[in-house]
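Residue 81 is where the sequence shown ends in numbering that gives the first Met the number 0, and the numbering goes up by one at each step.
Virtual Cβ for every residue (Gly too), placed ideally from N, Cα, C.
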Amino acid sequence: MPAAPVMRETAGLASPGLDEVRWLKPVRPGDVITARAEVIEVAESQSRPDRGRVHFLIYGVDAAGERVVAAHGPFLVARRPR
0 MPAAPVMRET AGLASPGLDE VRWLKPVRPG DVITARAEVI EVAESQSRPD RGRVHFLIYG
60 VDAAGERVVA AHGPFLVARR PR
């Protein structure tokens with residue numbers, strides 16, 4: 000089953016950057032790398048109730064399904080009204 004788009008229905012506001020990027024295996028010209036993401040943590044903003052923080056693990060897999068690159072970092076998003 001194909002993975003769902005990560006941020007298609009998300010009101011992304013900003014990202015302060017990535018905390019870490021790791022190349023796990025060599026990547027060569029012509030390699031097809033597929034991006035995937037997992038949500039690690041979700042938190043409400045203490046100062047802005049209309050916003051929250053989502054911490055993602057973002058990684059790329061090669062044609063064999065093996066991870067070749069991984070990064071993680073926070074993204075600021077708009078929250079839905081309750």
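- Secondary structure at E40: strand, using DSSP grouped into helix, strand and coil.
- A direct Cα-to-Cα measurement between P28 and F74 gives close to 30 angstroms.
- The Cβ-Cβ distance between L12 and E37 does not fall below 7 angstroms.
- Put simply, the backbone Cα of A77 is about 29 angstroms away from that of I32.
- Rounded to whole angstroms, the Cβ separation of A62 and R21 is 20 angstroms, and the two are not in contact under 8 angstroms.
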